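To start, the structure under review is shown below, and the notes come after it.
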Amino acid sequence: MEFEGRTDAYIDLVCEEMLPAIAKDALADSVDAFCETIAFDAGQVGRVFGKARELNLPVRLHADQLSDGGGAALAAQFDALSADHLEYTSEAGVQAMARSGTVAVLLPGAFYYLNETQQPPLALLRKHAVPIALATDCNPGSSPLDSLLLVLNMGCVLFGLRHPGKRSRVSPTTLPGHWA
Numbered sequence: 007m008e009f010e011g012r013t014d015a016y017i018d019l020v021c022e023e024m025l026p027a028i029a030k031d032a033l034a035d036s037v038d039a040f041c042e043t044i045a046f047d048a049g050q051v052g053r054v055f056g057k058a059r060e061l062n063l064p065v066r067l068h069a070d071q072l073s074d075g076g077g078a079a080l081a082a083q084f085d086a087l088s089a090d091h092l093e094y095t096s097e098a099g100v101q102a103m104a105r106s107g108t109v110a111v112l113l114p115g116a117f118y119y120l121n122e123t124q125q126p127p128l129a130l131l132r133k134h135a136v137p138i139a140l141a142t143d144c145n146p147g148s149s150p151l152d153s154l155l156l157v158l159n160m161g162c163v164l165f166g167l168r169h170p171g172k173r174s175r176v177s178p179t180t181l182p183g184h185w186a
C-alpha cells in the first residue's frame, strides 16, 4: 500500500491536494475522518479538520469506538455535525459535544458485528441533552447492513434505546439524523 507506515504523508496529501480540489469542484458536502488507535490520531484528524474548516467544509468524526482517544471532544472542537460510535466517550467528551451541538450518531450494526461489549454512554448523552441519532454505518468490514429499520430495532434491543417522553421511538432515526 502506497502510504503504509506513512500516515503523515497521506495527511499531507489530503490537506494540500485532495481537500482543495474537492472544495474547488464542490465534490463533497462534508469531510469525515476516523480517530482511533487503528486509524488516525487526534493530531492528524485535527490537521484535516483545520483544512476543511479553512475550505468551509463541515466535518464529521468516527470516534471513541475502541478506546477513549478524546475523539468526541475533538469533534466538538471543530463543531462537527456528528460524532459516530462513541462507545468509550468520557463525560468530558459528552459535555463538549453538548456545548457544540454535535449530534451523537450511534451505530448498533458495527457494535453487533464486531461483538463489542462497551455500550455508548446513553445516560450521559441524555443527561447533557446531546441529540442522538442512529445510522447503519454500512460498510463491508464492520457493519454490512443497510436496513434503517433493523438499526432502529438493534438500537432498542442492544442499547436499550427508548425515547423519553411522548415522542415516537422512531425519532433517533429521523430528526437528529437530519441534523447530523
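Read in order, the letters of the sequence shown are residues 7 to 186 in my numbering.
Yeah, the Cβ is synthetic: ideal placement off N, Cα and C, and Gly gets one too.
Quick caveat: nothing in here was measured; it's all calculated off a predicted structure.
Which of the three DSSP states, helix, strand or coil, is assigned to residue i?
i, result
"R66", "strand"
"C41", "strand"
"F84", "coil"
"F46", "strand"
"D90", "strand"
"F55", "helix"
"G99", "helix"
"A32", "coil"
"F9", "coil"
I need the straight-line Cα distance from residue i to residue j, nearest angstrom please.
i, j, result
"K30", "S148", "32 Å"
"L131", "L113", "14 Å"
"L128", "V109", "13 Å"
"R168", "E8", "45 Å"
"R66", "E93", "16 Å"
"C162", "L80", "28 Å"
"A142", "A116", "This sequence places Thr at residue 142; Ala is not what is there. Whole-angstrom Cα-Cα distance: 8 Å."
"D152", "G99", "28 Å"
"D14", "V51", "10 Å"
"N121", "D85", "30 Å"
"I138", "V111", "6 Å"
Going by the CB atoms, is the gap between residue j and residue i shorter than 9 Å?
i, j, result
"L19", "V37", "no"
"F4", "Q125", "In the structure as shown, the chain begins at 7 and stops at 186. Residue 4 is therefore absent and cannot be evaluated."
"A89", "D70", "yes"
"G76", "A45", "no"
"M160", "V136", "no"
"E97", "L72", "no"
"H68", "Q101", "no"
Quick one: does the C-beta of residue i sit closer than 8 Å to a heavy atom of the ligand SAH?
i, result
"L167", "By its list of ligands, the structure shown contains no ligand whatsoever, and the ligand SAH lies outside what it can speak to."
By Cβ distance, which residues of its chain are closer than 7 Å to residue i, with the 5 residues on each side in sequence left out?
i, result
"V54", "I17, V20, C21, V37, A39"
Going along the chain, which residues of its own chain have a beta-carbon closer than 6 Å to the beta-carbon of residue i, five neighbours each way excluded?
i, result
"T119", "The sequence as given places Tyr at residue 119; Thr does not occur at that position. Excluding positions up to five away in sequence, the list reads S148, S149."
"A34", "I28"
"K57", "C21, L25"
Under 8 Å Cβ to Cβ from residue i, same chain only, skipping five residues before and after it: list those, please.
i, result
"R105", "A82"
I'd like the ranges of any alpha helix (DSSP H) spanning at least 4 consecutive residues and lying wholly in the region 108-149.
114-119, 128-133
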